[in-house]
Amino acid sequence: MFANPYTMYDMNLLEKSLEGIKLAVQGEKEDELFYDYLISIAPTEDDKKIIASIRDDERGHNKMFRQIYRSITGTSVPPGEDAEFVKPISYLAGIKKALFGELSAIERYREIRRGLPSTIYRDMLFNIITDEIKHSAKYNYLFTLNSHNMPRN
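Note that the sequence shown covers residues 679 to 831 in the numbering used here.
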């Protein structure tokens, strides 16, 4: 006979965390198109490398979210609806959108972390959250650097 490791755990918090993971993963295709577009219009090789490093981290985060979801539920994250990618009006506008997207992700991921039943999963979310903080600093750098070189939008 097997014991349920989550019997003393708040299942409502866990359900909210799983829903948050689904939402994080389901926006993957649009995010990928957004990052690739920013890389394609970045004005310097340094900008391209910074954005590519962030994109690569995000790919890793997606794999980690999928692993957590599968480990807890025994199933894969269900596919979401494809959102239409909308190009930002300028490189600087795209960087600003990315910066605030990272800050928003930190808030969402803290809520996901709060409802996870195991320190292993919470540690994985801690790593993702600290990466998002690092990404926001990089986007802030790019925004500051480019706002001096480009007209503001």
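Heads up, the beta-carbon is just placed ideally off N, CA and C, and yes, glycines get one too.
Next on the checklist: What would DSSP say about F763, mapped onto helix, strand or coil?
Outcome noted: Reduced to three states, the DSSP call for F763 is coil.
Next on the checklist: Among the candidates E780, L716, S796, whose CA atom is the shortest distance from the CA of D688?
Outcome noted: Comparing Cα positions, the closest option is S796.
Item to check | L803 beta carbon less than 8 Å from that of Y787 | outcome: yes
Checklist entry - Is A720 near Y769, with beta carbons less than 8 Å apart? => result Contact: yes.
Next on the checklist: Quick check: the Cα distance between P766 and K775, rounded to an integer number of angstroms?
Outcome noted: 8 Å
Item to check | For N690 and R830, the rounded distance between their alpha carbons | outcome: Interpretation of R830 is limited by its pLDDT of 45, a score under 50 that renders its predicted location unreliable; no figure is taken from the coordinates.
Checklist entry - Considering only C-alpha positions, which residue in the set N824, I811, L692 is nearest to T751? => result L692
Item to check | Within 8 Å, strictly: CB atoms of I699 and I746 | outcome: yes
Checklist entry - With C-beta atoms as the reference, is D809 less than 8 Å away from D735? => result yes
Next on the checklist: Taking 7 Å as the cut-off, is the beta-carbon of A702 closer than that to any non-hydrogen atom of the ligand GDP?
Outcome noted: Only the bare structure without any ligand can be found here, which leaves the ligand GDP out of the picture.
Item to check | Contacts around F763, its chain only, beta-carbon distance under 6 Å, and the 5 residues preceding and following it disregarded | outcome: E708, L711
Checklist entry - On the three-state DSSP scale, how would you describe V703? => result helix
Checklist entry - Are the Cβ atoms of H813 and E759 separated by less than 8 Å? => result no
Item to check | Nearest to I784 (by Cα), restricted to the options F821, Y715, N805 | outcome: N805
Item to check | Helix, strand or coil at T797 [DSSP, three-state] | outcome: helix
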